[in-house]
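Quick note: to get our numbering, add 498 to the position in the sequence shown (first position is 1).
We treat Cβ as the ideally placed atom computed from N, Cα and C, and that holds for glycine.
A quick note: this is a predicted structure, and the numbers were derived from the prediction, not measured.
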Amino acid sequence: MGRQGQKSRTRDAILAAARELAAAGQALSVPAVAEAAGVSRATAYRYFSDPSVLAAEAGLDVAVAPYEQIVAGAEGPRARLMAVSLYMFDLAAGHEAAFRHFLARWLDAWAAGSGPTRGARRVEMFKRALGEDRAGLSAADAAALVRGLTATTGTEALIGLLDVAEADRAAARATVEEITGLLIARYLGT
């Protein structure tokens, strides 16, 4: 995992420190969280330049199950990819208000030019679900599959399906499952 693993651990440490400060009733600022996480202010600002985005994501971070739990019982890359896709959609649906709040704070910061990065949990989970050998795909095809799955699941898919396509929750979930299946079939075969 190398550099990406280190970035993930740093991000996790920053979010954990934010949760601890919030639980202690302390106001969240990027410098205070950096100190509590044991990272430099510059590092913390690279991950979270806006404290409202940091607070919103720290609140969400607790709700995400570990990868191993998400794919438990899923045999092979197809089943693991489907498990991650549906889990991420269900997670967004189950915590819809909190995810919409986080996305709104993130968009506010983006519009103000802060441009914070997102955690990209589902990207890493989809990559893990493919496996070390990328399920036999070329690097380009594996990346395209992960991009497609990332775009069709999670909060953004939930909002698009509920708000724009006017689907009910069951139809929205069925659509995510169908699109995931089509993408998997396209890249991994039937």
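8 Å Cβ cutoff met for residue i and residue j
i             : j             : result
alanine 627   : leucine 579   : yes
leucine 605   : threonine 653 : no
leucine 681   : leucine 643   : yes
alanine 633   : leucine 686   : yes
glutamate 622 : serine 506    : yes
alanine 554   : histidine 593 : no
8 Å contact criterion, which residue i and residue j should meet: CB distance rounded
i             : j                 : result
leucine 558   : phenylalanine 587 : Contact flag wrong, Cβ pair sits at about 15 Å.
glycine 629   : proline 575       : 6 Å
threonine 691 : alanine 665       : For the chain, the structure presents residues 499 to 688; residue 691 sits outside this window and is missing.
alanine 556   : arginine 517      : 5 Å
threonine 648 : arginine 684      : Between arginine 684 and threonine 648 the Cβ distance is about 15 Å, and since that is not below 8 Å, they are no contact.
alanine 670   : leucine 659       : 4 Å
aspartate 548 : alanine 591       : Actually they do not touch by this definition, with Cβ atoms about 26 Å apart.
Nonlocal neighbours in the same chain, by C-beta distance under 6 Å from residue i, ignoring five residues either side
i            : result
tyrosine 585 : Ile568
alanine 540  : none
Contacts around residue i, its chain only, beta-carbon distance under 8 Å, and the 5 residues preceding and following it disregarded
i           : result
alanine 530 : Leu519 and Gln524
serine 538  : Ala532
serine 550  : Arg603, Asp606 and Ala607
Contacting residues, own chain, Cβ-Cβ under 7 Å from residue i (five flanking each side not counted)
i                 : result
leucine 552       : Ala516, Leu526, Val528, Val531 and Phe546
serine 474        : Residue 474 is absent from the model: the chain starts at 499 and stops at 688.
phenylalanine 624 : Leu579, Val582, Val644, Leu647 and Thr648
Any non-hydrogen atom of the ligand SAM closer than 7 Å to residue i Cβ
i              : result
methionine 623 : Annotation note on the ligand SAM: not contained in the displayed structure, which lists no ligands.
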